[in-house]
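Asks: Before I ask anything, here is the structure I am working with.
In the working numbering, the protein residues as written are 723 to 845.
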């Protein structure tokens, strides 16, 4: 039974972090090109918001993908999804919030369970 748990956690961790990279890679490339145009949902400045989002969606997704510092790396991803769902898309219909909620739930579960046996942290 324990082996199925670790396989399931591996699929959850790798699957969701790889899918999040489809959002993070374009933002990282935008950053590398010097284009810092981005929203400012928290009022801390568009550039800071952009850097924090790139850090979460690109850097932290890679850390979760490989299972290194997984619980810590999930925190920026959770915060980013909270902002996306409850600030950026607050007044939108549930269909616009659905993907953010799915990511929020998945990264919260991963943060609670850790990387599992098949990550660099090996817990």
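We treat Cβ as the ideally placed atom computed from N, Cα and C, and that holds for glycine.
At the level of alpha carbons, what is the spacing between residue 825 and residue 738?
Replies: Using only the alpha carbons, I get a separation of about 7 Å.
Asks: Taking only runs that begin and end inside the segment 765-833, name each unbroken alpha helix (DSSP H) of 4 or more residues, in chain order.
Replies: 768-776, 783-788 and 792-805
Asks: How do the segment 766-778 and the segment 821-841 stand: do at least 3 beta-carbon pairs fall below 8 Å, yes or no?
Replies: no
Asks: Looking at C-beta atoms only, is the number of pairs between the segment 807-820 and the segment 831-845 that lie closer than 8 Å three or more?
Replies: no
Asks: Please tell me whether residue 785 and residue 792 are closer than 8 Å, where the distance is taken between their beta carbons.
Replies: Taking 8 Å as the Cβ cut-off, residue 785 and residue 792 qualify as a contacting pair.
Asks: When the Cα atoms are used, what is the spatial distance from residue 760 to residue 741?
Replies: 21 Å
Asks: So, helix, strand or coil for residue 752, using DSSP?
Replies: Secondary structure at residue 752: helix, using DSSP grouped into helix, strand and coil.
Asks: Buried or exposed for residue 783, please, with buried defined as at least 16 other CB atoms from any protein chain shown within 10 angstroms of its CB.
Replies: Burial check for residue 783: the Cβ neighbour count within 10 Å reaches 16 or more, so the residue is buried.
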